[in-house]
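Working notes, structure below.
2 protein chains.
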Amino acid sequence: MYRTHTCGELRIANAGERVVLAGWIQRIRKMGGMSFVDLRDRYGITQLVVNDSKDSSLNEIVGKLGREFVIQASGRVVERSSKNSKIPTGDIEIETESVKILNGSLTPPFTIEDDTDGGEELRAKFRYLDLRRSPLKKAMELRHKTAQQVRNYLDSKGFLEIETPVLIKSTPEGARDFVVPSRMNPGEFYALPQSPQQLKQLLMVAGYDRYFQIVRCFRDEDLRADRQPEFTQIDCEMSFVEREDILNTFEGMMNTLFANLLDTGFDLEKKFKYHDEIKISGSFPRISYTDAMKYYGSDKPDIRFGMKISSIKQIAAGAGFSLFDSAEYVGGISVPGAAGYTRKQTDELTEWVKRPQIGAKGLVYIKLAEDGIKSSIDKFYTPDHLQKIADEMEAKSGDLVLILAGPEKKTLEMLGSLRIEMGNRLGLRNSDEYAPLWVYDFPLLEWDEETQRFYAMHHPFTSPKPEDLDNFFSTERDKIAKVSANAYDFVLNGTEIGGGSIRIHDPAIQNRMFEVLGFTKEEAEYRFGFLINAFRYGAPPHGGIAFGFDRLCALFGGQESIRDFIAFPKNNSGRDMMLEAPSRIDEAQMKELFLKSTH
Amino acid sequence: MYRTHTCGELRIANAGERVVLAGWIQRIRKMGGMSFVDLRDRYGITQLVVNDSKDSSLNEIVGKLGREFVIQASGRVVERSSKNSKIPTGDIEIETESVKILNGSLTPPFTIEDDTDGGEELRAKFRYLDLRRSPLKKAMELRHKTAQQVRNYLDSKGFLEIETPVLIKSTPEGARDFVVPSRMNPGEFYALPQSPQQLKQLLMVAGYDRYFQIVRCFRDEDLRADRQPEFTQIDCEMSFVEREDILNTFEGMMNTLFANLLDTGFDLEKKFKYHDEIKISGSFPRISYTDAMKYYGSDKPDIRFGMKISSIKQIAAGAGFSLFDSAEYVGGISVPGAAGYTRKQTDELTEWVKRPQIGAKGLVYIKLAEDGIKSSIDKFYTPDHLQKIADEMEAKSGDLVLILAGPEKKTLEMLGSLRIEMGNRLGLRNSDEYAPLWVYDFPLLEWDEETQRFYAMHHPFTSPKPEDLDNFFSTERDKIAKVSANAYDFVLNGTEIGGGSIRIHDPAIQNRMFEVLGFTKEEAEYRFGFLINAFRYGAPPHGGIAFGFDRLCALFGGQESIRDFIAFPKNNSGRDMMLEAPSRIDEAQMKELFLKSTH
Numbered sequence: 076m077y078r079t080h081t082c083g084e085l086r087i088a089n090a091g092e093r094v095v096l097a098g099w100i101q102r103i104r105k106m107g108g109m110s111f112v113d114l115r116d117r118y119g120i121t122q123l124v125v126n127d128s129k130d131s132s133l134n135e136i137v138g139k140l141g142r143e144f145v146i147q148a149s150g151r152v153v154e155r156s157s158k159n160s161k162i163p164t165g166d167i168e169i170e171t172e173s174v175k176i177l178n179g180s181l182t183p184p185f186t187i188e189d190d191t192d193g194g195e196e197l198r199a200k201f202r203y204l205d206l207r208r209s210p211l212k213k214a215m216e217l218r219h220k221t222a223q224q225v226r227n228y229l230d231s232k233g234f235l236e237i238e239t240p241v242l243i244k245s246t247p248e249g250a251r252d253f254v255v256p257s258r259m260n261p262g263e264f265y266a267l268p269q270s271p272q273q274l275k276q277l278l279m280v281a282g283y284d285r286y287f288q289i290v291r292c293f294r295d296e297d298l299r300a301d302r303q304p305e306f307t308q309i310d311c312e313m314s315f316v317e318r319e320d321i322l323n324t325f326e327g328m329m330n331t332l333f334a335n336l337l338d339t340g341f342d343l344e345k346k347f348k349y350h351d352e353i354k355i356s357g358s359f360p361r362i363s364y365t366d367a368m369k370y371y372g373s374d375k376p377d378i379r380f381g382m383k384i385s386s387i388k389q390i391a392a393g394a395g396f397s398l399f400d401s402a403e404y405v406g407g408i409s410v411p412g413a414a415g416y417t418r419k420q421t422d423e424l425t426e427w428v429k430r431p432q433i434g435a436k437g438l439v440y441i442k443l444a445e446d447g448i449k450s451s452i453d454k455f456y457t458p459d460h461l462q463k464i465a466d467e468m469e470a471k472s473g474d475l476v477l478i479l480a481g482p483e484k485k486t487l488e489m490l491g492s493l494r495i496e497m498g499n500r501l502g503l504r505n506s507d508e509y510a511p512l513w514v515y516d517f518p519l520l521e522w523d524e525e526t527q528r529f530y531a532m533h534h535p536f537t538s539p540k541p542e543d544l545d546n547f548f549s550t551e552r553d554k555i556a557k558v559s560a561n562a563y564d565f566v567l568n569g570t571e572i573g574g575g576s577i578r579i580h581d582p583a584i585q586n587r588m589f590e591v592l593g594f595t596k597e598e599a600e601y602r603f604g605f606l607i608n609a610f611r612y613g614a615p616p617h618g619g620i621a622f623g624f625d626r627l628c629a630l631f632g633g634q635e636s637i638r639d640f641i642a643f644p645k646n647n648s649g650r651d652m653m654l655e656a657p658s659r660i661d662e663a664q665m666k667e668l669f670l671k672s673t674h
Numbered sequence: 076m077y078r079t080h081t082c083g084e085l086r087i088a089n090a091g092e093r094v095v096l097a098g099w100i101q102r103i104r105k106m107g108g109m110s111f112v113d114l115r116d117r118y119g120i121t122q123l124v125v126n127d128s129k130d131s132s133l134n135e136i137v138g139k140l141g142r143e144f145v146i147q148a149s150g151r152v153v154e155r156s157s158k159n160s161k162i163p164t165g166d167i168e169i170e171t172e173s174v175k176i177l178n179g180s181l182t183p184p185f186t187i188e189d190d191t192d193g194g195e196e197l198r199a200k201f202r203y204l205d206l207r208r209s210p211l212k213k214a215m216e217l218r219h220k221t222a223q224q225v226r227n228y229l230d231s232k233g234f235l236e237i238e239t240p241v242l243i244k245s246t247p248e249g250a251r252d253f254v255v256p257s258r259m260n261p262g263e264f265y266a267l268p269q270s271p272q273q274l275k276q277l278l279m280v281a282g283y284d285r286y287f288q289i290v291r292c293f294r295d296e297d298l299r300a301d302r303q304p305e306f307t308q309i310d311c312e313m314s315f316v317e318r319e320d321i322l323n324t325f326e327g328m329m330n331t332l333f334a335n336l337l338d339t340g341f342d343l344e345k346k347f348k349y350h351d352e353i354k355i356s357g358s359f360p361r362i363s364y365t366d367a368m369k370y371y372g373s374d375k376p377d378i379r380f381g382m383k384i385s386s387i388k389q390i391a392a393g394a395g396f397s398l399f400d401s402a403e404y405v406g407g408i409s410v411p412g413a414a415g416y417t418r419k420q421t422d423e424l425t426e427w428v429k430r431p432q433i434g435a436k437g438l439v440y441i442k443l444a445e446d447g448i449k450s451s452i453d454k455f456y457t458p459d460h461l462q463k464i465a466d467e468m469e470a471k472s473g474d475l476v477l478i479l480a481g482p483e484k485k486t487l488e489m490l491g492s493l494r495i496e497m498g499n500r501l502g503l504r505n506s507d508e509y510a511p512l513w514v515y516d517f518p519l520l521e522w523d524e525e526t527q528r529f530y531a532m533h534h535p536f537t538s539p540k541p542e543d544l545d546n547f548f549s550t551e552r553d554k555i556a557k558v559s560a561n562a563y564d565f566v567l568n569g570t571e572i573g574g575g576s577i578r579i580h581d582p583a584i585q586n587r588m589f590e591v592l593g594f595t596k597e598e599a600e601y602r603f604g605f606l607i608n609a610f611r612y613g614a615p616p617h618g619g620i621a622f623g624f625d626r627l628c629a630l631f632g633g634q635e636s637i638r639d640f641i642a643f644p645k646n647n648s649g650r651d652m653m654l655e656a657p658s659r660i661d662e663a664q665m666k667e668l669f670l671k672s673t674h
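Chains as they are written, first to last, in my numbering: chain A, 76 to 674; chain B, 76 to 674.
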């Protein structure tokens, strides 16, 4: 061992001890005939002191040192005269007796500090240096602890971690698979799993009634800002359960995480304040998809704040304002304390909702100011009528009512975006609070006009709600479209981080699902034959859930982007800038794989 | 929840309770107006009893049941009149009140019993049914527990589990990479990692001084009987350590596993007998590669038994027996108590060593029988001389001495094989014992006559022993060939299940390594540029180890084959017989990937 202690562990109680430390040089200062060296490792920083005039050979070595050199230093722990309360080792320093250079370093291309001067691309290329910075180190530690907590919780609940293969069969439905040519089976390809969905269902058929895996998944999609071609899931499945059994089990997991991730350097104690209010043993709120859309205009509502959407079509129609009279839907939100918004501010909000990302045609407002009601539609509505609308929305004096009208689903989604925007503007999306929520009873199917067929909203193994089976087996498209799925999402602060469903275990329902999705018997057999076959040999009732592990870690770390919670992420073109992957392979290898590039 | 209890948990103390169970039907018997149904789940088997004449509707349902049907049954726990001491639930049965069929089942293609009647291919195709059998269930549980123990141990030692990417860069050196065409980067490919070797070294450069991962690795090799194209490693790396620090850390891990895997249904208590003798806190034996070859003719000796190899060239030469006089090496083993072997038996042994797999030209024996020494070479040697040879080998009266002669390395390897064979024949390789062993100081390089170049025995990042650096930088091929690596293997019962090394952290030594391996600067830069670059920015001294997790689990489970310790293994052609993977992909997908098949 090159060291007796780490750079994070010495305290005043160690004063007088002879120690050996090893690490990287964070910085060197000269002051009053002394050299001060900050030595850094994963655990912290310890100050080394060298008396410049005492030992000329030691002094010579210190003279050669530079930033990020790796050294081994020995000496005696002494109490500091001027203590540094900002670091845990700040009460002591090392009276250095010898220094050995273990490795030199070029000057790093950016500073290894919390706030570095390096741009994103440079840091991606030198990821091993970026990973030396404290925020990334904390992210890696948080991720490790989260994984350990998840595993220990699920282990304690009787779940078995079972590894499923990475080289599987391509079953395209939804996103694109990455494929792997097989040299031993010329002309054939493996696929990398988008999720172990079918394999975990086979494990249920095999009788492993509580399965989990923290597992890598792959999706060859065009990458949006915060998507990765490979990502990690907490993947789970249970047999002989109903929805509430699953929700309760994973509320327990979330509670364990909330309770046990307090010492990760993210000041999580403060962050879990909201959680304390809803109590660790309590249930998380639940809302149906229909209500989530109706009240929040979103299937992943951020419930850290209110500002719910109200429908006012009934009360607003019939006053001769043709927009409201003709619209399928009229609704709005009441923004607390914003009645004082100026004309300029409401104009700017109008522009905001008219942006193509939102797509509204205009915005109607009612200001419940102290000196009376003002509105952009007071030509059509009497103050009394406006007050009635405001009352319907439970708006109070001082509030600003914002109203949109149009087709129901689209308008609700616009109001949902507007609600989030107003939450941001009013500072109601407190990053110190965590508001978990279950959303359930999603639509089972989505009709695609272009291909004139239904697509599964979740995947083709999601069970319809038992009460909707008549509609599911109906020949009328409208009835089929109305079927709800026994599916649920776990939402945290307006981000979906988990989703799952009770699966189909009845072969007749599964066959009907393939039929509804427009698969011929042969297609279904080719794509999902092994699963269809397995279901003939005693499939138990089962269901499961999968959580986005990268996203979960980022949320716990209080960050928007997942990239710093992945050790070696890829950029938006799916490239690893450090490894320079993907890359060309040589002709001999292509030949062995029976492949030719047409590029 | 479909059940109140599992099929493995009810005991006599539960008598009188009303319970609901769910599971699969193992078998049904009718006897004296009663039906007995064995209901099975992951946790055990519970007997349900139905009085055939009591409830006609219940009786009707029971009449429909068949093997592997999934049912839900409710009733009252009662004490059995004739108890079954073979199962933990054998004191009770369920007086069944109602049965609900949750799913039917076709008759399975083989019996779901410990000793099934299904052939290997059939079981591979119906893996989800094979996984219902108890031996596989126990294997999955053992694997889960082993993984948990490994993680908890390493976590307690300050290791961080850090996930490394699966889509990396192809760096062919040694086995073939699987590759993944990139749609977004036409003409370019990712590679699947053969191990995260370079990534974990980058993590050391990044300052994460204790890393581990239980990680999937990939090798596109022609598969031998017990190899898999994807396999799992316990992958570890540490900084600021020397060899002994690493060996001690992982002895600790093995001791934890030995101590804590006693309740997995494999009767491991008995199996760890040997281990108790060497004491849980004690060190595992260590042997150098040179001594391992000299005494055991193998770099992975099985030390559960002695029968060490002795060199007898000195004492045997000069008697006019030209085979021994001319051979580079003469050596043998002394087989205890086998002096009574008949001529037929020694002839058979001679045939055995002459098989092409061993390749010896012949076998010399000396029988130390009670009625005097007998030997196949008594034409050339006096009884006195033979006795001297036997004495040199510490053979005792009653032993059978077996001698081979030829080129040193090859003959030692033959003797090593013969030793294992004799150990098997004499029942000395006791499957109830575990004999761990470290082998260290392997050769660094191997000269290949065909390509006229050196290859790295381990990989190009393995450090030479410091005392061999002069030879390493020498221009003479003989001197370079003699350099030892600071590498070590963990061997258990004659199987290598772990291997690692202290790595090179000095850029000058790393460059010399690339030079010795015949890489030009450009080649080295293209293949390992990111690592060479990283080493310019302060690489700490570091080293690590990786264990074959599949193999480790199989050994703990007392099995030779890893296949039953992998949930969904592939066959010898790399095919998943259940998924029918790999398979053809459609032309559209090939086009998107800019690929054409030439097959």
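Ideal Cβ placement from N, Cα and C applies to all residues, glycine included.
Element boundaries [alpha helix (DSSP H), containing residue 491 of chain A]: Where residue 491 of chain A is concerned, the enclosing alpha helix (DSSP H) stretches over 483 to 500.
- prompt: At a Cβ threshold of 9 Å, is residue 538 of chain B touching chain C?
  reply: In the structure shown, chain C cannot be found, because the protein chains are A and B.
- request: Please compile the residues from chain A whose C-beta is within a distance smaller than 8 Å of the C-beta of residue 262 of chain B.
  value: Within 8 Å Cβ-Cβ: 659, 672 and 674.
query: Going along the region 561 to 580 of chain B in order, which residues come within less than 8 Å of chain A, judged by CB to CB distance?
result: Cβ contacts with chain A come from 580.
message: Is it buried or exposed, residue 419 of chain B, if we count other Cβ atoms within 10 angstroms and call 16 or more buried?
response: Exposed.
- request: Could you check the C-alpha separation between residue 584 of chain B and residue 302 of chain B for me, to the nearest Å?
  value: The straight-line gap from Cα to Cα measures roughly 34 Å.
Burial state of residue 675 of chain B (16 or more Cβ within 10 Å): No information on residue 675 of chain B is available, as it lies outside the stretch 76 to 674 that chain B covers here.
- request: Spatial neighbours of residue 68 of chain B within its chain, please: CB distance less than 6 Å, with the 5 preceding and 5 following residues excluded, ordered by chain position.
  value: One cannot answer for residue 68 of chain B here, as it falls past the ends of chain B, which runs 76 to 674.
- request: Could you list which residues in chain A have their beta carbon closer than 9 Å to that of residue 611 of chain B, in chain order?
  value: Contact annotation for residue 611 of chain B against chain A: 179, 180 and 181 [CB-CB distance below 9 Å, chain order].
query: Does the Cβ of residue 345 of chain A have 16 or more other Cβ atoms within 10 Å, making it buried, or fewer, making it exposed?
result: Interpretation of residue 345 of chain A is limited by its pLDDT of 44, a score under 50 that renders its predicted location unreliable; no figure is taken from the coordinates.
message: Taking the beta strand (DSSP E) that residue 617 of chain B belongs to, which residues open and close that run?
response: Here the beta strand (DSSP E) through residue 617 of chain B covers 617 to 623.
message: Cβ closer than 9 Å: which chain B residues qualify as neighbours of residue 143 of chain A?
response: Chain-ordered, the chain B residues with CB closer than 9 Å to the CB of residue 143 of chain A read 612 and 613.
message: With three or more C-beta pairs closer than 8 Å as the rule, is the region 163 to 181 of chain A touching the region 81 to 93 of chain A?
response: Yes, since at least three Cβ pairs between the region 81 to 93 of chain A and the region 163 to 181 of chain A fall closer than 8 Å, the two stretches touch.
field: Sequence-distant residues of the same chain with beta carbon closer than 6 Å to residue 218 of chain A, five excluded per side
entry: Hits under 6 Å: 628 and 640.
query: Out of curiosity, what's the CA-to-CA distance linking residue 356 of chain B and residue 80 of chain B?
result: Unreliable placement is indicated for residue 356 of chain B, whose pLDDT of 48 sits below 50; the coordinate value is still reported in the next sentence. CA-to-CA, the gap between residue 356 of chain B and residue 80 of chain B works out to about 40 Å.
- prompt: Can you tell which of B:404, B:145, B:163 and B:149 has its C-alpha closest to the C-alpha of residue 176 of chain B?
  reply: Out of B:404, B:145, B:163 and B:149, the CA that lies nearest to the CA of residue 176 of chain B is found in B:145.
message: Let me make sure I understand the geometry here. Which of A:206, A:292 and A:433 has the alpha-carbon closest to that of residue 653 of chain A?
response: The candidate whose alpha carbon is nearest that of residue 653 of chain A is A:206.
- prompt: Just curious, the alpha helix (DSSP H) that residue 241 of chain A is in, first and last residue?
  reply: Careful: residue 241 of chain A lies outside any alpha helix (DSSP H) and carries neither H nor E.
message: Taking the straight line between their C-alpha atoms, what separation do you get for residue 317 of chain A and residue 618 of chain A?
response: Taking the straight line joining both Cα atoms gives about 7 Å.
task: Give the interface partners of residue 245 of chain B over in chain A, defined as CB-CB distance under 7 Å, in chain order.
output: The contacting residues are 658 and 660.
message: Distance check for residue 634 of chain B and residue 424 of chain B, CA to CA, integer angstroms please.
response: One C-alpha to the other measures close to 27 Å.
task: Confirm, please, whether the CB-CB distance from residue 481 of chain A to residue 426 of chain A is below 9 Å.
output: The answer is no: Cβ separation not under 9 Å.
task: Could you name the residues of chain A that residue 224 of chain B contacts, counting a contact when the two beta carbons are closer than 8 Å?
output: None at all; the shortest Cβ gap to chain A is about 10 Å.
query: Is it buried or exposed for residue 189 of chain A, if we count other Cβ within 10 angstroms and need 16 for buried?
result: By the neighbour-count rule (16 or more Cβ atoms within 10 Å), residue 189 of chain A is not buried but exposed.
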